[in-house]
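Let me begin by presenting the structure, written as structure tokens, before commenting on it.
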Amino acid sequence: MAPCEPTERFTPRAEFLNGQSAYTGLILHVDLSTPCFWIDTPGDRFYRRLIGGRNFILHYLLTETPPQVDPLGAQNLLIFANGVLSGTVLPGTGRHAVGGKSPLTGALASCEAGGWFGSELKRAGFDAVVIHGRAAQPVYLLIRDGSVELRPADHLWGKTTADTQQIIREELGDEKVRVACIGPAGENLVRFASIMHDVSRAAGRSGLGAVMGSKNLKAVAVRGSTPVGVQNKTLMQTVQKWIGAHYKSDMAWAIQYGTAGSALENVLIGATAIRNYTAGRLSDAEKLDARHLFSLLVVDRDTCNKCPVRCKLVVGYEGAQTSIDPRYGGLEYESIGSLGPLCDISDPLVIAKANELCNAYGLDSISTGGTIAFVMEAAERNALPADWQAQAPRFGDGESLINAIHQIAHRQGWGDWMAEGSQRLAEKLGGEAPQWLAAGRGQELPMHDPRLKQTMAMGYALSPTGADHMHNFNDSFATSEDGDICQRLKEVGVAVPIPLWGISEHKIEAYFYETAFKNFYDCAVICHFYPYRYQHMVEALSAACGWDITLEEINQIGLRAVHLARLYLLREGFRARDDTLTARAFYRLAEGPIANQAITPEELTHWIGVYYRRVGWDDDGIPLASTLQQVDLTEYRRFLER
Amino acid sequence: MGGQAHFIISRRLASLLAQTPPDCAGIPCRIPVPAGLSIREACELLQLRLPAAILPLVNGATQDLSYILQPDDEVYLLIQLSGGCPHGSL
Chain A
1 MAPCEPTERF TPRAEFLNGQ SAYTGLILHV DLSTPCFWID TPGDRFYRRL
51 IGGRNFILHY LLTETPPQVD PLGAQNLLIF ANGVLSGTVL PGTGRHAVGG
101 KSPLTGALAS CEAGGWFGSE LKRAGFDAVV IHGRAAQPVY LLIRDGSVEL
151 RPADHLWGKT TADTQQIIRE ELGDEKVRVA CIGPAGENLV RFASIMHDVS
201 RAAGRSGLGA VMGSKNLKAV AVRGSTPVGV QNKTLMQTVQ KWIGAHYKSD
251 MAWAIQYGTA GSALENVLIG ATAIRNYTAG RLSDAEKLDA RHLFSLLVVD
301 RDTCNKCPVR CKLVVGYEGA QTSIDPRYGG LEYESIGSLG PLCDISDPLV
351 IAKANELCNA YGLDSISTGG TIAFVMEAAE RNALPADWQA QAPRFGDGES
401 LINAIHQIAH RQGWGDWMAE GSQRLAEKLG GEAPQWLAAG RGQELPMHDP
451 RLKQTMAMGY ALSPTGADHM HNFNDSFATS EDGDICQRLK EVGVAVPIPL
501 WGISEHKIEA YFYETAFKNF YDCAVICHFY PYRYQHMVEA LSAACGWDIT
551 LEEINQIGLR AVHLARLYLL REGFRARDDT LTARAFYRLA EGPIANQAIT
601 PEELTHWIGV YYRRVGWDDD GIPLASTLQQ VDLTEYRRFL ER
Chain B
643 MGGQAHFIIS RRLASLLAQT PPDCAGIPCR IPVPAGLSIR EACELLQLRL
693 PAAILPLVNG ATQDLSYILQ PDDEVYLLIQ LSGGCPHGSL
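Respectively, the protein sequence lines represent chains A and B. Per this note's numbering, residue 1 is the first one in the first sequence, and the count goes up by one each step. Per this note's numbering, residue 643 is the first one in the second sequence, and the count goes up by one each step.
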């Protein structure tokens with residue numbers, strides 16, 4: 001592929017090539033329509049102010065897309081963005097971000113994925129890739145040590161994610177090429193299609209797979225050979241030593257069983273929603289016990305670049321009735337919850353098969369489970385069109401769950417309706433259907449029940465991506481003074497521990513700081529499971545880039561993501577009235593561990609207003625000019641004035 | 643045993659503890675704790691350094707760690723995702 005304009009030869013900054021810096025200084029832009037490419041070299045201030053990941057995504061969405069673009073149109077962008085720490089020696093930095101405008105919500109899509117892709121992209125010479133336009137025919141993008149090539153992908157169209165990766169590796173003769181790709185769901189523009197990396201690592205939420213499919217882009221394959229160095233190895237070693245001394249104890253839960261290990265416990269305490277939020281107990285819940293899952297299904301463990309924890313499971317099974325393909329990785333808690341208890345299913349084989357299909361087709365397992373659970377309730381209430389009613393998925397029926405996933409990925413029959421997501425489906429069904437919805441800003445709720453985790457409920461409502469549990473505050477993780485959240489809160493002067501129930505001024509303060517920190521993590525881009533504190537991030541950023549970073553600057557970097565995302569939402573037409581949740585978030589159960597618990601819509605509105613003031617937004621949720629000035633974002637204020 | 647509550651230490655939790663509490667002969671086990679203490683205080687009394695964020699399930703209902711134990715309460719300490727124990731106290 002040719003440059004869009006005659007250009008001088010581009011090379012990463014000398015410090016990167018010499019192993020003295022963790023960022024290359026190069027942002028690759030690819031226009032699939034022309035096709036051609038160009039290189040952006042935005043300079044040190046850009047990197048220090050935004051550092052990567054979500055902030056890069058927001059910068060390009062704001063500056064290079066007009067307002068109100070069609071998420072599935074050529075004008076939308078698809079952005080793969082590292083952070084300045086991605087690919088360094090620091091454990092937990094084997095991650096990257098992916099973003100664009102969401103076809104599910106019309107808001108921001110901003111995901112982080114683990115594995116090897118991001119690190120390889122940086123080794124190939126680029127901090128980020130911004131994809132514009134739409135290819136006339138299916139293609140895949142190949143980036144190898146600074147070279148950029150578009151290749152035909154007609155032969156890959158219709159393939160599953162594992163088959164796609166395998167074919168690309170075979171035709172390149174390179175088993176180490178790292179592949180991000182979509183499956184049939186992305187090709188068929190399912191609004192909650194995911195992008196899979198290394199087959200089993202999802203940029204799962206908000207439908208970025210459909211954005212990729214709309215561009216006729218089947219895959220991005222990367223290979224690089226330049227090691228990612230740091231400016232100050234001695235300083236970086238202090239952080240490495242700290243995490244080396246602590247991860248075996250602090251992350252023992254992850255080392256032991258991964259996120260799947262707490263599936264049963266989360267059901268028992270009411271963190272996992274059951275039967276589309278209508279039941280307090282799950283039949284045969286003990287089948288989700290970690291030891292049972294492991295003995296039945298787990299055949300290996302996997303990990304991400306430079307991570308010693310190995311929290312990723314590989315599941316496989318061969319039986320007379322079903323088989324599970326280990327190429328698709330393993331079960332994570334969110335997938336177990338949404339494809340299991342939410343659909344009133346506790347059979348690990350059914351859940352593992354459903355998870356395999358989501359990864360093979362490239363479907364977000366949370367929205368897939370959430371949408372199907374919604375349909376199951378509609379079917380139970382006899383609220384579906386007559387010819388769907390007889391064949392609709394049913395609570396507790398594993399076979400109908402599996403069938404529904406096939407139908408969604410291929411938009412077969414009523415799968416075409418389900419592929420639109422639960423909110424659009426509720427609008428089509430009409431009547432009482434919206435009362436059965438569990439969503440925030442049009443995205444299905446994650447498996448942290450907002451009736452138990454009530455500050456997280458507020459976070460679901462405020463999230464610029466639609467309901468999300470990652471850039472959020474997890475009430476039940478902050479009740480232990482020894483936990484990582486409380487350790488960070490102590491660094492910024494917030495009293496700990498934090499009470500479990502309700503929302504308060506105290507919890508708003510904790511939410512303000514912790515969500516800024518989580519947004520910092522998503523810019524850097526770092527695994528949320530690593531219990532780093534502010535001081536470690538000060539040292540890591542200073543070591544990686546040679547900057548004289550302060551604790552306050554860490555907070556400001558995270559706040560920039562919060563404010564830029566808000567500016568983007570406002571520009572796309574969202575208003576304060578959209579900061580809310582659907583009915584199921586307020587629905588009180590009659591029995592079970594969280595019986596009669598939930599905040600009210602009025603309480604939610606009240607505390608959102610308190611947060612607006614704390615973060616520096618006006619009563620309409622619009623960032624104040626002084627707020628943007630405080631975090632050095634004044635130039636972005638122009639996006640409010642359009 | 644009147645006037646006491648009980649902690650139930652599951653096999654999963656026990657597997658993450660460096661030291662099994664002294665009153666815990668088998669796993670899972672029931673450890674008597676004084677009513678009137680909060681769950682957090684009872685953990686401190688037992689020197690039960692928990693390896694990850696936990697939530698207590700008291701008589702079938704989820705509670706905060708500040709919950710004041712009542713006689714005959716049965717408390718399951720359930721491990722969640724994440725949380726950490728940054729003092730390396732295992």
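From the three backbone atoms N, C-alpha and C, an ideal C-beta is built for every residue, glycine too.
| Asked | Found |
| --- | --- |
| As a quick exercise: from G270/A, A540/A and L108/A, pick the residue whose alpha carbon is nearest that of V239/A. | A540/A |
| Just checking my contact of A97/A with A107/A at CB under 8 Å: how many whole Å lie between their CB atoms? | Actually they are not in contact, since the Cβ atoms of A97/A and A107/A sit about 16 Å apart, beyond 8 Å. |
| Since Q256/A meets chain B, which of its residues come closer than 8 Å, beta carbon to beta carbon? | S657 and L658 |
| So with CB distances below 9 Å, who are the chain B contacts of P91/A? | Going along chain B, no residue has its Cβ under 9 Å from P91/A, so there is no contact; the nearest lies around 14 Å. |
| Around the C-beta of D632/A, are 16 or more other C-beta atoms found within 10 angstroms, so that it is buried, or is it exposed? | exposed |
| Mind listing the chain A neighbours of R672/B? Cutoff is C-beta to C-beta under 7 Å, in chain order. | Neighbours of R672/B on chain A: none; closest Cβ ~17 Å, over 7 Å. |
| Determine which residues share a DSSP beta bridge with F80/A and list them. | V98/A and V129/A |
| Using a C-beta to C-beta distance shorter than 7 Å, which residues of chain A count as neighbours of G668/B? | Ordered by position in chain A, no residue passes the 7 Å Cβ test against G668/B, which lies about 17 Å from the chain. |
| With F477/A and Q722/B assumed to form a contact (beta carbons below 8 Å), what rounded beta-carbon distance in angstroms separates them? | 7 Å |
| Can you give the Cα-Cα distance for E149/A and L142/A, rounded to whole angstroms? | 5 Å |
| For the alpha helix (DSSP H) holding P450/A, just list the boundary residues, first then last. | Taken as a continuous stretch (DSSP letters only), P450/A belongs to no alpha helix (DSSP H), as it is neither H nor E. |
| So which residues of chain A does D706/B contact, with C-beta pairs closer than 7 Å? | T479, P499, L500 and W501 |
| Just to confirm my understanding: we take W436/A, look at its own chain, exclude 5 residues before and 5 after, and list those with CB closer than 8 Å. What are they? | N276, F374, E377, A378, R381, A426, A583 and R584 |
| Taking 6 Å as the limit between beta carbons, can you name the residues of its chain near Y530/A, skipping five residues before and five after? | G92 |
| Contact criterion: CB-CB distance below 7 Å. Does A677/B meet it with respect to chain A? | no |
| Let me know the secondary structure DSSP gives S645/A once reduced to three states. | The requested residue 645/A does not occur in the structure, where chain A is confined to residues 1 to 642. |
| Under 8 Å Cβ-Cβ, which residues of chain B neighbour S476/A? | A695, L697 and Q722 |
| Just list the residues that DSSP pairs W38/A with in beta bridges. | H29/A |
| On the three-state DSSP scale, how would you describe E539/A? | helix |
| With a CB to CB cut of under 7 Å and the five nearest residues on each side skipped, what residues in its chain are close to L628/A? | H563, T634, Y636 and R637 |
| Cα separation between S225/A and L363/A? | 32 Å |
| Rounded to whole angstroms, what's the CA-CA distance from G231/A to A703/B? Just pull it up for me. | Inspection of the sequence shows that residue 231/A is occupied by Gln rather than by Gly. Going by the C-alpha atoms only, they are around 52 Å apart. |
| Going by alpha carbons, who is nearest to R611/A out of E491/A, A386/A, G442/A and F473/A? | It should be noted that the sequence gives Tyr, not Arg, for residue 611/A. Closest option to Y611/A, Cα to Cα, is F473/A. |
| CA-CA distance, R48/A and R178/A? | 28 Å |
| Keeping to the same chain, check which residues put their C-beta closer than 7 Å to that of F117/A; ignore five residues upstream and five downstream. | H96, R178, A180, H197, D198 and V222 |
| On a CA-only basis, which of L658/B, A656/B and C671/B is nearest E716/B? Give me that one, please. | C671/B |
| Roughly how far, in whole angstroms, is the beta-carbon of I673/B from the beta-carbon of I651/B, given that I think they are within contact range, below 8 Å? | 6 Å |
| Scan the segment 442–456 of chain A for residues whose Cβ lies nearer than 8 Å to a Cβ of chain B and list them as they occur along the chain. | L452 |
| Classify S295/A: buried if its beta carbon has 16 or more other beta carbons within 10 angstroms, exposed otherwise. | exposed |
| If we define contact as Cβ-Cβ less than 7 Å, is A703/B a contact residue for chain A? | yes |
| Alpha carbon to alpha carbon, how far is W157/A from A109/A? Give it in angstroms, no decimals. | 24 Å |
| Expressed to the nearest angstrom, what Euclidean distance is found between the alpha-carbon atoms of K518/A and V30/A? | 30 Å |
| Excluding the five sequence neighbours on either side, which residues of its own chain have a C-beta within less than 6 Å of the C-beta of A467/A, listed in chain order? | G440, Q443, L445 and Y460 |
| Considering Cα atoms alone, identify which of P497/A, T515/A, S463/A and I557/A is closest to G663/A. | Because chain A here runs from 1 to 642, residue 663/A falls outside it and cannot be looked at. |
| Could you compute how far the alpha carbon of I345/A sits from the alpha carbon of G421/A? | 20 Å |
| Give the DSSP-derived three-state secondary structure of S731/B in the structure shown. | Residue confidence is low: S731/B scores 32 on pLDDT, short of 50, so the model does not pin down where it sits. Its coordinate-derived value is still stated next. S731/B falls in the coil class under three-state DSSP. |
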